[in-house]
Amino acid sequence: MNIEQFTRIIPSSERNLKRLMYLLSDKKSLPRIAVFGKYNHGKSTLLNAIVGHNKFKTADKRETICNEDYEHNHVIWVDTPGLDADIHGEDDAAAMKGAFEVADFIFLVHQVTAGELDKYEMNVFQQLAKQDKNYRKKMFLILTQIDQKTPEDLSLVQTTIAQQLKNSIDLQDLNVISVSATRYLKGIQESKLIFCEKSGMNSIFSLIETLKKDITSLRANEINRLKSKLFVELDQAKKQVTEDLYEYQYRLSSQYKYYQQDIAHLVSAVSARR
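Following the working numbering, the numbering of the sequence shown begins with 3 at its first residue and continues without gaps.
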C-alpha cells in the first residue's frame, strides 16, 4: 500500500495507517513498550532496573536523542528522547513517532521530586490518549524516585496527581504505579531483599508479564479496530467526493444553460440586424 497516496486522500489517517502497516509487517510479534517522559525524569534508570544491567545511558545531560530499541526477556523496549529538552522539537517528534507507530504499550514516566504533572506533560499524555480509544490497556503512568520523598510528601504528590488525572476526561482511568528504580538496583547490588520489596518494582514486573500474555489478542483487536476506522474514513471521503462531484456537475450544468441562453440571445440579435 502506498501510504503517501492514501494520506493525500485522508491526511488525518497517516498515523493510524502507519501503525496498521507496522502491525501487519512485524514478524516477531513481541510486545513493544515505549518508555516516555520528560528529560531527566528517570526513564533510563527505570529501563536499566527492568533489564537488569546498565544498557541505557543515564546522565545529567541529554543522552537519548532518538528512539533506541532493546530486546529483553521477550519484550522490545523503546527508550524515547526526553520530552521538552530540544528547543527545535525534533526529539519530541521522534518520541511521539515511537509511541504512536511502534509501541504496543506506553510507560509514561514522571519523577515525584518534580511534584505534580506540568502542563506540557498533561498535554502530551492527553494527545497519546486521544490517539487510541483503547488507551486504558496501553498506557501506564510510572511515578519514579519515590525514595527521594518522605512518606507524607510522597502521599501528597500522589494525591495531587490522582486529582489531575481525575479532572482529565482522557486520563482519568490511567493506571498509576509508584517505584524507585534506584532503591531496587541498590537492593540487587547489596543483596538486600527489603530494598527490592520497597522499591515497587515487583508491580512493574507483574505488569510486564501480564502484557506479554495479552499481546496477541490486543494486537488482533487493534488491527481490526484500525481497519474499521480506515474503512469508515474512506467511506466518508467517498461520500464527500460524490457530493463535490454532484455540486460540480450542477454548477457546470447551470453554466452551460446560461451559455446556451447567451448564444440564443446573440443569434437573435445578429438575425435582427439583417
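For each residue, glycine too, the CB sits at the ideal point set by N, CA and C.
{"Item": "Neighbourhood of L119 by C-beta distance below 7 angstroms, restricted to the same chain and skipping five residues each side", "Value": "H112, I163 and Q166"}
{"Item": "In DSSP terms, what L110 is bridged to", "Value": "F38 and L143"}
{"Item": "For N177, the first and last residue of its enclosing beta strand (DSSP E)", "Value": "N177 to S180"}
{"Item": "DSSP beta-bridge partners of L85", "Value": "K40"}
{"Item": "Neighbourhood of V53 by C-beta, 6 angstroms cutoff - its chain only, sequence neighbours within 5 removed", "Value": "H74"}
{"Item": "Contacting residues, own chain, Cβ-Cβ under 6 angstroms from K151 (five flanking each side not counted)", "Value": "V114"}
{"Item": "Rounded separation between K106 and K259 - CA only", "Value": "Sequence inspection shows Asp at residue 106; the Lys mentioned does not correspond to that position. So the alpha carbons of these two residues sit roughly 58 angstroms apart."}
{"Item": "Cut-off 7 angstroms between Cβ atoms - residues of its own chain near Q2, not counting five sequence neighbours on either side", "Value": "Because the chain spans 3 through 276 in this model, residue 2 falls outside it and cannot be assessed."}
{"Item": "Neighbour-count burial assignment, S219, 16 or more Cβ in a 10 Å radius", "Value": "exposed"}
{"Item": "8 angstroms contact criterion, which P33 and L228 should meet: CB distance rounded", "Value": "Actually they do not touch by this definition, with Cβ atoms about 17 angstroms apart."}
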